[in-house]
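There are 2 protein chains.
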Amino acid sequence: MEGTRLCHRNLLPTTNPSLTCRFFSNSVIHHTSFHNYKTNFPKFLVSATMEASFKPEEARVPAALPLPTPPVTKFKIALCQLSVTTDKERNIAHAQQAIEDAADKGAQLILLPEIWNSPYSNDSFPVYAEDIDAGGDASPSTRMLSEVSRSRKITIIGGSIPERSGDKLYNSCCVFGTDGKLLAKHRKIHLFDIDIPGKMTFKESRTLTAGERPTIVDTEVGRIGIGICYDIRFQELAAIYAARGAHLLCYPGAFNMTTGPLHWELLQRARAADCQLYVATCSPARDGGSSYVAWGHSTLVGPFGEVLVTTEHEETTLIAEIDYSVIEERRTYLPFQKQRRGDLYQLVDVDRLNSTGAK
Amino acid sequence: MEGTRLCHRNLLPTTNPSLTCRFFSNSVIHHTSFHNYKTNFPKFLVSATMEASFKPEEARVPAALPLPTPPVTKFKIALCQLSVTTDKERNIAHAQQAIEDAADKGAQLILLPEIWNSPYSNDSFPVYAEDIDAGGDASPSTRMLSEVSRSRKITIIGGSIPERSGDKLYNSCCVFGTDGKLLAKHRKIHLFDIDIPGKMTFKESRTLTAGERPTIVDTEVGRIGIGICYDIRFQELAAIYAARGAHLLCYPGAFNMTTGPLHWELLQRARAADCQLYVATCSPARDGGSSYVAWGHSTLVGPFGEVLVTTEHEETTLIAEIDYSVIEERRTYLPFQKQRRGDLYQLVDVDRLNSTGAK
Numbered sequence: 001m002e003g004t005r006l007c008h009r010n011l012l013p014t015t016n017p018s019l020t021c022r023f024f025s026n027s028v029i030h031h032t033s034f035h036n037y038k039t040n041f042p043k044f045l046v047s048a049t050m051e052a053s054f055k056p057e058e059a060r061v062p063a064a065l066p067l068p069t070p071p072v073t074k075f076k077i078a079l080c081q082l083s084v085t086t087d088k089e090r091n092i093a094h095a096q097q098a099i100e101d102a103a104d105k106g107a108q109l110i111l112l113p114e115i116w117n118s119p120y121s122n123d124s125f126p127v128y129a130e131d132i133d134a135g136g137d138a139s140p141s142t143r144m145l146s147e148v149s150r151s152r153k154i155t156i157i158g159g160s161i162p163e164r165s166g167d168k169l170y171n172s173c174c175v176f177g178t179d180g181k182l183l184a185k186h187r188k189i190h191l192f193d194i195d196i197p198g199k200m201t202f203k204e205s206r207t208l209t210a211g212e213r214p215t216i217v218d219t220e221v222g223r224i225g226i227g228i229c230y231d232i233r234f235q236e237l238a239a240i241y242a243a244r245g246a247h248l249l250c251y252p253g254a255f256n257m258t259t260g261p262l263h264w265e266l267l268q269r270a271r272a273a274d275c276q277l278y279v280a281t282c283s284p285a286r287d288g289g290s291s292y293v294a295w296g297h298s299t300l301v302g303p304f305g306e307v308l309v310t311t312e313h314e315e316t317t318l319i320a321e322i323d324y325s326v327i328e329e330r331r332t333y334l335p336f337q338k339q340r341r342g343d344l345y346q347l348v349d350v351d352r353l354n355s356t357g358a359k
Numbered sequence: 001m002e003g004t005r006l007c008h009r010n011l012l013p014t015t016n017p018s019l020t021c022r023f024f025s026n027s028v029i030h031h032t033s034f035h036n037y038k039t040n041f042p043k044f045l046v047s048a049t050m051e052a053s054f055k056p057e058e059a060r061v062p063a064a065l066p067l068p069t070p071p072v073t074k075f076k077i078a079l080c081q082l083s084v085t086t087d088k089e090r091n092i093a094h095a096q097q098a099i100e101d102a103a104d105k106g107a108q109l110i111l112l113p114e115i116w117n118s119p120y121s122n123d124s125f126p127v128y129a130e131d132i133d134a135g136g137d138a139s140p141s142t143r144m145l146s147e148v149s150r151s152r153k154i155t156i157i158g159g160s161i162p163e164r165s166g167d168k169l170y171n172s173c174c175v176f177g178t179d180g181k182l183l184a185k186h187r188k189i190h191l192f193d194i195d196i197p198g199k200m201t202f203k204e205s206r207t208l209t210a211g212e213r214p215t216i217v218d219t220e221v222g223r224i225g226i227g228i229c230y231d232i233r234f235q236e237l238a239a240i241y242a243a244r245g246a247h248l249l250c251y252p253g254a255f256n257m258t259t260g261p262l263h264w265e266l267l268q269r270a271r272a273a274d275c276q277l278y279v280a281t282c283s284p285a286r287d288g289g290s291s292y293v294a295w296g297h298s299t300l301v302g303p304f305g306e307v308l309v310t311t312e313h314e315e316t317t318l319i320a321e322i323d324y325s326v327i328e329e330r331r332t333y334l335p336f337q338k339q340r341r342g343d344l345y346q347l348v349d350v351d352r353l354n355s356t357g358a359k
């Protein structure tokens with residue numbers, strides 16, 4: 001009763017001038033080597049009763065990539081929920097110690113919090129910002145991350161720091177490979193501009209500039225999609241990463257005392273369950289004396305949307321095992337990744353559509 | 001620091017032959033009178049620092065409609081978590097009694113469970129199916145719904161029943177207005193075909209045919225998007241309804257003892273929080289002796305993703321108040337509906353794109 005077919009068609013046009021050639025004019029480091037991995041082409045089984053006119057492969061444009069075979073199936077991830085002070089040197093040394101401690105305990109992937117080298121405030125961002133592209137003394141925070149990733153042979157998703165680039169500031173996450181090289185840099189795409197009267201008002205856009213593109217990176221511990229905090233609210237970004245073959249989404253994030261209890265865990269679980277992949281988040285520890293009080297609750301969620309490990313708001317490092325074989329198992333049990341109705345809705349990944357020519 | 005602009009542009013081309021003229025050849029009742037309502041054009045405030053190149057209005061194709069002003073702002077909804085037996089006549093009389101009791105308590109909108117006139121099994125669907133379009137004696141279940149909606153002047157989202165149409169069977173939800181007229185009929189778009197070894201195997205597609213389009217309907221109690229059970233797993237459907245101006249999504253659904261505890265509440269809360277609207281679900285009561293054991297837990301969720309009322313698995317009717325003014329408040333506080341990156345991702349509503357000509 002079941003037939004087999006490979007789905008790779010994409011019928012959306014590539015001639016739309018609004019969708020072409022917009023993303024190749026800047027120098028953002030952006031690593032999307034989708035084709036470096038061995039690809040594990042799954043059998044695309046479609047029930048004989050699922051009409052071809054449903055076009056599940058067209059629900060993502062370009063069509064979703066098969067889940068790649070990662071270099072490692074099981075490994076330990078560490079979520080370093082760091083305390084952050086006004087002393088940048090201390091913050092860097094403190095983060096390094098936490099990373100080394102986690103590596104000593106067997107972690108192969110380290111995730112740091114959003115804005116871990118600086119207080120989280122518009123006043124602080126310009127003061128603590130570093131020129132990541134210049135490197136060296138111009139960016140002591142990322143220099144440390146590079147050195148420790150190389151010396152310990154670990155992958156680091158470096159939370160985020162304020163980045164200065166020309167006359168602009170960004171909220172940027174650097175990913176370092178086991179050789180200490182910068183694999184990718186994600187600049188927060190969706191800036192946090194909210195206003196809940198009497199509870200929470202913050203406008204990052206007063207000082208920061210938004211990033212220009214999604215960031216997904218092949219590492220020694222799998223294909224990882226990066227978002228920073230408010231980016232997690234946009235389900236489209238997670239869905240795009242899933243369609244690009246992500247095993248894991250990492251969101252450094254500092255939700256606050258209003259949105260944290262409301263939405264932090266919900267959003268992580270929703271992204272994981274809808275995309276059927278792992279989601280890891282890392283918050284700073286709570287400092288009740290700061291102007292922006294972080295919710296904490298760094299968490300690892302599995303591909304059924306299940307919380308695998310979480311914590312409260314104090315400083316701590318969580319270490320947990322990720323097993324990527326679970327992803328394919330979950331997708332076999334609940335095959336809705338292959339049951340979408342491309343005849344009714346299509347999510348267009350504009351950046352990938354342009355990059356690949358959609359062929 | 002803030003400028004005002006109205007966003008109504010749509011730059012995706014309308015000439016793609018794969019996207020045109022596919023949906024007008026069948027007789028599915030489908031009510032999408034988006035323009036019958038007074039529209040409450042909100043001021044579209046975009047931070048001066050949000051670059052125009054982000055194109056938030058293009059994140060939905062066609063562009064999202066403004067939230068319409070509903071005929072009523074506050075009203076009571078009833079979720080009738082009915083027990084279902086093998087006796088269809090009893091099921092119909094039983095549902096009528098529950099509806100009338102809820103109307104007596106002031107409910108203006110009634111939501112029934114998925115498959116409330118029949119056991120939930122592939123063996124039962126052909127036996128209990130009714131010819132809804134023929135009506136009268138050919139569909140005693142919907143005749144009852146029509147009569148009671150008219151006599152009590154209430155809106156009914158009639159859960160679902162097996163529908164026979166020609167030689168096909170559907171899982172169909174009928175919506176009746178306060179005058180007893182059938183306003184819309186939604187045929188389950190995504191059929192429930194899953195296989196979790198040793199826990200849950202079910203393939204609706206063995207007997208049922210999938211519906212051909214989304215269903216959103218203007219009623220006396222607001223604009224309501226309809227999904228049936230497994231439809232809730234597809235975030236795109238909810239996002240399409242939100243972009244069409246839905247106030248409320250109603251999902252009659254019978255999750256089971258495996259997927260229920262895993263995902264039932266999570267998915268409802270995720271759809272509500274991501275779309276910032278109300279979500280109501282209604283399950284049959286649990287019958288431990290049936291071949292398919294329903295999870296129960298009918299629920300109303302508010303536009304912050306917060307559970308407003310829920311229950312366990314026994315037969316009961318939940319009555320709760322909906323206040324649509326909360327939707328705009330939530331969207332003002334957390335304006336991510338206007339912060340999407342249309343330059344990076346676009347969700348295409350194929351049916352609406354074809355229907356409107358995308359102009």
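Quick mapping for you: the protein sequence lines, in order, are chains A and B. For the first sequence, the residue numbers in the UniProt record's numbering are 1 to 359. For the second sequence, the residue numbers in the UniProt record's numbering are 1 to 359. All residues carry an ideal CB built from backbone N, CA and C; glycine is no exception. This structure is a prediction, so every number in the text was calculated from the model and none was measured.
For chain B, find out if any of its Cβ atoms is closer than 7 Å to the Cβ of residue i; answer yes or no.
| i | result |
| --- | --- |
| histidine 247(A) | no |
| leucine 334(A) | yes |
| glutamine 339(A) | yes |
| alanine 64(A) | no |
| glycine 225(A) | no |
Using beta-carbon positions only, say whether residue i and residue j come within less than 7 Å of one another.
| i | j | result |
| --- | --- | --- |
| leucine 249(A) | isoleucine 327(A) | no |
| residue 405(A) | valine 175(A) | An answer regarding residue 405(A) cannot be provided, because it is not within the stretch 1 to 359 covered by chain A. |
| serine 146(A) | glycine 180(A) | yes |
| alanine 64(B) | alanine 272(B) | no |
| tyrosine 333(A) | threonine 73(A) | no |
| serine 139(B) | glutamate 130(B) | yes |
| proline 197(B) | glycine 159(B) | no |
| phenylalanine 234(B) | tryptophan 295(B) | no |
| histidine 186(A) | threonine 215(A) | yes |
| alanine 280(A) | glutamate 314(A) | no |
| valine 251(B) | glycine 225(B) | Checking the sequence shown, residue 251(B) turns out to be tyrosine, not valine. Result no, Cβ atoms of tyrosine 251(B) and glycine 225(B) do not sit closer than 7 Å. |
| leucine 347(A) | arginine 60(A) | yes |
Would you mind giving the Cβ-Cβ distance between residue i and residue j, rounded to the nearest angstrom? I have them listed as a contact below 8 Å.
| i | j | result |
| --- | --- | --- |
| tryptophan 116(B) | leucine 82(B) | 5 Å |
| glutamate 163(A) | isoleucine 132(A) | 5 Å |
| arginine 223(A) | histidine 247(A) | 5 Å |
| isoleucine 319(A) | alanine 102(A) | 6 Å |
| threonine 258(B) | lysine 203(B) | Not quite, the Cβ-Cβ distance comes to about 15 Å (not below 8 Å), so this is no contact. |
| leucine 266(A) | leucine 79(A) | That pair is no contact at about 18 Å. |
| cysteine 229(A) | leucine 111(A) | Contact flag wrong, Cβ pair sits at about 13 Å. |
Does any residue of chain A bring its CB to less than 7 Å from the CB of residue i?
| i | result |
| --- | --- |
| isoleucine 240(B) | yes |
| valine 84(B) | no |
| glycine 305(B) | yes |
| phenylalanine 202(B) | no |
| leucine 67(B) | no |
| arginine 244(B) | no |
| histidine 31(B) | Annotation note: pLDDT 40 at histidine 31(B) (below 50); position unreliable, coordinate value reported separately. Chain A, which has no Cβ nearer than 7 Å to the Cβ of histidine 31(B), makes this no. |
| leucine 266(B) | yes |
| arginine 269(B) | yes |
What residues of chain C sit near residue i, judged by a beta carbon separation below 9 Å?
| i | result |
| --- | --- |
| tyrosine 345(A) | In the displayed structure, chain C is absent; the protein chains listed are A and B. |
Can you tell which of the options has its C-alpha closest to the C-alpha of residue i?
| i | options | result |
| --- | --- | --- |
| glutamine 339(A) | Ile189(B), Ile99(B) and Leu182(B) | Ile189(B) |
| threonine 317(B) | Pro56(B), Lys74(B), Ala59(B) and Ala98(B) | Ala98(B) |
| glycine 245(B) | Asp323(B), Leu208(B), Cys275(B) and Gly296(B) | Cys275(B) |
| leucine 183(B) | Phe202(B), Ile154(B), Pro197(B) and Gln346(B) | Ile154(B) |
| aspartate 343(B) | Cys80(A), Arg352(A) and Tyr345(A) | Arg352(A) |
| aspartate 193(B) | Phe336(A), Val350(A), Tyr345(A) and Asp349(A) | Phe336(A) |
| threonine 209(A) | Ser172(A), Glu329(A), Asp218(A) and Ala134(A) | Ser172(A) |
Quick one: is the Cβ of residue i within less than 6 Å of any heavy atom of the ligand NAD?
| i | result |
| --- | --- |
| proline 252(A) | By its list of ligands, the structure shown contains no ligand whatsoever, and the ligand NAD lies outside what it can speak to. |
Practice task
Determine which residues of the stretch 252–264 of chain B have a Cβ less than 7 Å from any Cβ of chain A, and write them out in chain order.
Solution key: Leu262 and His263
Practice task
Output, in sequence order along the chain, the residues in the stretch 178–200 of chain A whose CB is closer than 7 Å to any CB in chain B.
Solution key: Ile189, His190, Asp193, Ile194, Asp195 and Ile196
Handout entry: Interface residues of the stretch 272–303 of chain B facing chain A [CB-CB below 7 Å]
Key = Ala273 and Asp274
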